[in-house]
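Student: Please find one structure pasted underneath; my questions will follow.
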Amino acid sequence: MGLDIHYLDNKVVINNIKNFNIKQICECGQCFRWKKEKENNYIGVAYGRVIEVLQEDDTVTIYNASEEDFKNIWIKYFDLERDYSKIKDILSQDEILKVALEYGYGIRILNQDPFELVISYIISARNSIPVISKTINNICEAYGKKLDYKGKIYYAFPTIEELSKASVEEIKNLGGSFRSKYIVDTTNKIYMCNLAKEKKLDESKEIIEELLEKYDLEKIKNMSDNDCHKALQEFKGIGAKVSDCIMLFSMQKYSAFPVDIWVKRAMIHFYGANDTSLNKIRVFAREKFGELSGFAQQYLFYYAREKGIKF
DNA sequence: TTCCAGGAGGTCT
DNA sequence: AGACCTCCTGGA
11 MGLDIHYLDN
21 KVVINNIKNF
31 NIKQICECGQ
41 CFRWKKEKEN
51 NYIGVAYGRV
61 IEVLQEDDTV
71 TIYNASEEDF
81 KNIWIKYFDL
91 ERDYSKIKDI
101 LSQDEILKVA
111 LEYGYGIRIL
121 NQDPFELVIS
131 YIISARNSIP
141 VISKTINNIC
151 EAYGKKLDYK
161 GKIYYAFPTI
171 EELSKASVEE
181 IKNLGGSFRS
191 KYIVDTTNKI
201 YMCNLAKEKK
211 LDESKEIIEE
221 LLEKYDLEKI
231 KNMSDNDCHK
241 ALQEFKGIGA
251 KVSDCIMLFS
261 MQKYSAFPVD
271 IWVKRAMIHF
281 YGANDTSLNK
291 IRVFAREKFG
301 ELSGFAQQYL
311 FYYAREKGIK
321 F
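Position 188 (the first sequence) corresponds to 198 in our numbering; numbering is contiguous.
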C-alpha cells in the first residue's frame, strides 16, 4: 500500500491518505477512549499510550508517536494496510448501501485490544455512550497506569492483572452498576486462565481444564468467526450483540454484524426489514454481506446515528 | 430554576 | 416476558 509517510520528531505525518476520516473513525461506535479536541482533532488512549490525531484534508498527523510505535502499533490499529476502496467497491454493488458508504467514506475499523473491549462492551449493554465513556474512564483512573501528554494526565486501560484486583463493590462505585458483577467475574476468569497457562494456578485439574477450555482470549481470537461468536458468550454479561462488537473491533472477525437499536433502524429504513428480532436481522445481513458484514454494519450505524433516522 | 418521566448502542433469570 | 442501575435529556 503506497502510504506517503514521514517520521519527524515524535510525530508521524501521512500525506495523500485515502478513505480516512478521523471524526468518522472515532464516532462510528467502535471506541470509547477518543476525545474530540477540535474539528478533526482527537486525543485517544490505546495500548498504554496517548496519541493525538490531527487531520487536514488528506494529511494526517499523529502526535506523540515514534517511528517504532507507528510501525508496531498504529499501522495495525488504524488498519492502514487495508484497501477500503476495494471493500466499498464490493459493497456498493448493493445500490441501497451506496448512500451510507458515501456518507461514512472515511470509516475504518480499528484493531483494539481484546481484553479492553470485552470489559468496555460489557459496560455498553443497556447504556448510553456518555455514561459508558465515563465509567471506563473511572475504571482506568482507578486501576490503570498514569500517562502524561502535554502536561495533562491520562490513564491507560488496566491490564488483566491490574483489573483482577477490583471488587464488585468498587466497580459499582465507579459506575458499573448492575454490570459490575459481570465485569469482575469475566476479568477473574481471564486472569485465572492466564495463570493456568503459565502453570501458576494452584487449583484442581478440573477447574484448570475448564479455564483453559473456555476462557482463553488468545484461543478465542484464533477460532472461526462463528465459534468465536459463541465462545465469547460463555462470559457473563456478553450476549450476541456485545460478542459481535468484541470480535469485530478487536479480533478481526469481519463477518460479525452487531445489531443494536441503530442498526435495526437502519435495516428497516434501507431494506424495509420488518420490525423483527435482532437475530433475524443479523442472519439476514450476514447472508447479504458475507465476509464484509462488519464493514457494512459500520457504515449503516454511522449513517443512522448521525442522521438520527427513525425508520 | 427545579423537578420528574422517559430513554439509553442488551443480557440474565 | 420482566428486571436491571445510573446518568442525561427534554418538557412542564
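Yeah, the Cβ is synthetic: ideal placement off N, Cα and C, and Gly gets one too.
1. Judging by CA-CA distance, which residue of Thr145, Glu213, Tyr159 is the nearest neighbour of Ile193?
2. Do you know whose CA, among Arg315, Ile132, Glu171, lies nearest Ser253's CA?
3. If we count the other Cβ atoms within 10 Å of its Cβ and call it buried at 16 or more, is Leu242 buried or exposed?
4. Whose C-beta lies closer than 6 Å to the C-beta of Phe245 among residues of the same chain, with five residues either side of it excluded?
5. Locate the alpha helix (DSSP H) running through Val293, then write down its first and last residues.
6. Cβ atoms of Ser265 and Gly304: under 8 Å apart, would you say?
7. Is the distance from the Cβ of Leu64 to the Cβ of Asn74 below 8 Å?
8. On the three-pair Cβ rule with 8 Å, is the region 117-127 touching the region 29-46?
9. Ignoring anything shorter than 4 residues, give me the alpha helix (DSSP H) runs that lie fully in the region 194-228, in order along the chain.
10. Could I get the ranges of all uninterrupted beta strand (DSSP E) runs contained in the region 133-164, with 3 residues as the minimum, in chain order?
11. Give me the Cβ distance between Arg136 and Phe30, rounded to the nearest whole Å; I'm assuming they're in contact under 8 Å.
12. Buried or exposed, going by whether 16 or more other CB atoms sit within 10 Å of the CB of His239?
13. Tell me whether Leu120 is buried or exposed, calling it buried when 16 or more other Cβ atoms sit within 10 Å of its Cβ.
14. Using only alpha-carbon positions, find the residue among Leu111, Phe167, Tyr52, Glu301 that is nearest to Ala314.
15. Just checking my contact of Met202 with Leu221 at CB under 8 Å: how many whole Å lie between their CB atoms?
Tutor: Looking at the coordinates:
1. Closest by alpha carbon: Thr145.
2. Ranking Arg315, Ile132, Glu171 by Cα distance to Ser253 puts Ile132 first.
3. Classification of Leu242: buried, given that the 10 Å Cβ count is 16 or more.
4. Taken in chain order, the residues that qualify are Thr196.
5. Element bounds for Val293: 288-299.
6. For Gly304 and Ser265, yes; Cβs fall inside 8 Å.
7. No, these two residues do not count as a Cβ contact at 8 Å.
8. Flag = yes, the region 117-127 and the region 29-46 touch.
9. The region 194-228 contains these whole alpha helix (DSSP H) runs: 215-224.
10. Uninterrupted beta strand (DSSP E) stretches at least 3 residues long and entirely within the region 133-164 occur at 156-159, given in chain order.
11. About 32 Å separates the two Cβ atoms, so there is no contact after all.
12. His239 comes out buried.
13. Buried: at least 16 other Cβ atoms inside 10 Å.
14. Among Leu111, Phe167, Tyr52, Glu301, the Cα nearest to that of Ala314 belongs to Leu111.
15. Sure, about 5 Å apart at Cβ, within 8 Å.
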